[in-house]
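> The sequence shown begins at 1002 in our numbering and counts up one residue at a time.
For each residue, glycine too, the CB sits at the ideal point set by N, CA and C.
Since the structure is predicted, the reported quantities are computational estimates derived from the model, not experimental observations.
Before we start, here is the structure in question, set down as structure tokens.
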Amino acid sequence: MDTVFELLTLLIPAGLVFLTAWLFFNKMRNDQRDFQRMLIRLEERKHSLPLQLKAYERLIIMLERITPGTLVMRVNSGSMNSAQLQLELLKAIREEFEHNISMQMYVSRSAWELTRTAKDECVRLIKIAASKSAPDASAMSLSKIIFDLEQRTGNESLQQALGLLKKEAQDKM
């Protein structure tokens, strides 16, 4: 019995020391692993942040370029009729959007959805304006209708998309 008692008096403290050491080193290993993960995330952020900010910049530029009033001023040439201007405007919007479609990888889902909705609203505004103008009418008459519609509607979805993109870009900085 004394031998068992002596053995227990040696093993219990040794076991407690071993358990304490194991818990301590396990905690240190977990802390180091967490620290390494944090460093990896910081390194990834260092590389991805410029890409994200560039994506916000490109989408803001795209939205500014497809604003119907701005687009009319850029695309309209004096020799076009209404139907030709409509086709050129829609082509320009489609090309701008397709050129920037990969930017959706770097922005939030809601920012991308609002951007796409804004693009669709610009297309819709141009189609509505074209339906109010005769196909063989002058490009100036279609331009006037587009400017009037844009002024009346305020292009709300485009303004919302621009606002969200600017806010998210500022939040990233």
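1) When you compare only the Cα positions, how much space is there between Gln-1033 and Leu-1009?
2) Identify the residues that DSSP records as bridge partners of Asn-1082: which are they?
3) Please list the terminal residues of the continuous alpha helix (DSSP H) segment that includes Gly-1155.
4) Given a cut-off of 7 Å, decide if Leu-1064 and Leu-1211 are closer than it, judged by their beta-carbon atoms.
5) Between which residues of its own chain and Leu-1060 is the CB-CB distance below 7 Å, once the five residues before and five after are set aside?
6) Does Asn-1101 come out as helix, strand or coil in the three-state DSSP assignment?
7) Assuming the contact rule is C-beta atoms closer than 8 Å, Leu-1150 and Ala-1119 should be a hit. Round their C-beta distance to whole Å, please.
8) Considering only residues of the same chain and omitting the five flanking positions on each side of Ala-1089, which have a CB-CB separation below 6 Å?
9) How many angstroms separate the CA atom of Arg-1125 from the CA atom of Ala-1140?
10) Excluding the 5 residues preceding and the 5 following Arg-1066 in the sequence, name in chain order all residues of the same chain whose CB lies nearer than 6 Å to its CB.
11) Are the beta-carbon atoms of Asn-1082 and Asp-1137 separated by less than 7 Å?
12) Hey, how far is the Cα of Leu-1091 from the Cα of Arg-1038?
So, to answer that:
1) Separation of Gln-1033 and Leu-1009 (C-alpha to C-alpha, rounded to the nearest whole angstrom) is 35 Å.
2) DSSP links Asn-1082 through a beta bridge to Ser-1139.
3) The continuous stretches of alpha helix (DSSP H) do not include Gly-1155, and DSSP gives it neither H nor E.
4) Because residue 1211 is not part of the residues shown, which for the chain are 1002 to 1174, the question remains open.
5) Cβ neighbours of Leu-1060 beyond the five flanking positions: Asn-1101, Met-1104, Val-1108, Thr-1116, Leu-1166.
6) If DSSP states are grouped into helix, strand and coil, Asn-1101 belongs with coil.
7) That belief does not hold up - the Cβ atoms of Leu-1150 and Ala-1119 are roughly 15 Å apart, past 8 Å.
8) Reading off the sequence shown, one finds Glu at residue 1089, where the question assumed Ala. Shown here for Glu-1089: same chain residues with a beta carbon closer than 6 Å to its own, the five before and five after excluded, namely Val-1076 in chain order.
9) When rounded, the distance between both Cα atoms is 18 Å.
10) Cβ within range, chain order: Glu-1097.
11) In contact: Asn-1082 and Asp-1137 (Cβ atoms closer than 7 Å).
12) Computed Cα separation, rounded: 47 Å.
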